[in-house]
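**Student:**
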Amino acid sequence: GGGNIGPDKNFALVKRSSWGARTADLPSELSIPHTPVDYIIIIHTDTTICNTSASCVNQMRVLQNHSMDNKHLSDIPYNFLIGGDGNVYEGRGFKIQGAFVPKWNIKSFGLAFIEMLEEHNFYRHRSVDICIDLFTNNLWLIVT
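FYI, the numbering for the sequence shown is 1 to 144, going by full-length UniProt numbering.
In structure tokens form, the structure reads like this:
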């Protein structure tokens with residue numbers, strides 16, 4: 001299952017095995033050469049928002065299948081994703097380069113909100129707080 005992370009444990013990190021991720025075919029050269037990375041790139045998936053754990057797990061599988069089967073990527077392109085249910089979903093994680101912005105993947109993490117940008121007011125969403133917490137208060141996670 002997911003595990004609570006951070007000093008206040010206000011959100012869960014849902015591991016790949018918990019959302020039913022396929023095995024990725026990631027070559028070793030896609031390892032991130034150093035952490036912490038220099039940049040966090042925040043993007044959105046341009047998909048329907050998910051508001052429950054079940055719908056977010058389903059959306060994660062759909063995103064991964066589309067990425068691997070249609071876009072011919074080796075895995076879901078993002079390092080982490082934030083669902084409308086308030087959980088953080090592990091994509092490629094902390095050690096593998098994303099596939100979201102060429103020339104930036106090697107020095108950044110991609111954090112995607114599972115949503116279409118125009119679906120709701122991004123700035124009032126709890127996901128923004130989770131994003132900030134994940135990458136500011138919990139940077140110790142990067143080196144574990």
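Backbone N, C-alpha and C define an ideal beta-carbon position, used for all residues, glycine too.
Between 97, 13, 58 and 42, which lies nearest to residue 107 when the distance is taken from Cα to Cα?
**Tutor:** That would be 97, whose Cα lies nearest to the Cα of residue 107.
**Student:** When DSSP labels each residue in this structure, what does residue 111 get in the three-state scheme?
**Tutor:** Here residue 111 sits in strand by DSSP.
**Student:** Mind checking residue 85: buried by the 16 CB within 10 Å criterion, or exposed?
**Tutor:** It is buried - the Cβ of residue 85 has at least 16 other Cβ atoms within 10 Å.
**Student:** So, does the stretch 39–47 touch the stretch 13–27, judging by three or more C-beta pairs under 8 Å?
**Tutor:** No: fewer than three Cβ pairs fall under 8 Å.
**Student:** By DSSP's criteria, residue 201 is part of a beta bridge. Which residues make up the other side?
**Tutor:** Coverage of the chain is limited to positions 1 through 144, which leaves residue 201 absent and any answer about it impossible.
**Student:** Could you spell out the range, first to last residue, of the alpha helix (DSSP H) harbouring residue 57?
**Tutor:** Residues 53–65.
**Student:** Classify residue 54: buried if its beta carbon has 16 or more other beta carbons within 10 angstroms, exposed otherwise.
**Tutor:** Exposed.
**Student:** Name the one or two DSSP bridge partners that residue 82 has.
**Tutor:** DSSP, once it has assigned bridges, lists 88 and 113 as partnering residue 82.
**Student:** Quick one: using the 10 Å Cβ neighbour count with 16 as the cut-off for buried, is residue 110 buried or exposed?
**Tutor:** Label assigned to residue 110: buried.
**Student:** Just confirm the distance between the C-beta atoms of residue 59 and residue 50, as a whole number of angstroms; I'd bet it's less than 8 Å.
**Tutor:** Confirmed, about 5 Å.
**Student:** Check each candidate in 76, 102, 113 and 112 and name the one with the smallest Cα separation from residue 16.
**Tutor:** The candidate whose alpha carbon is nearest that of residue 16 is 76.
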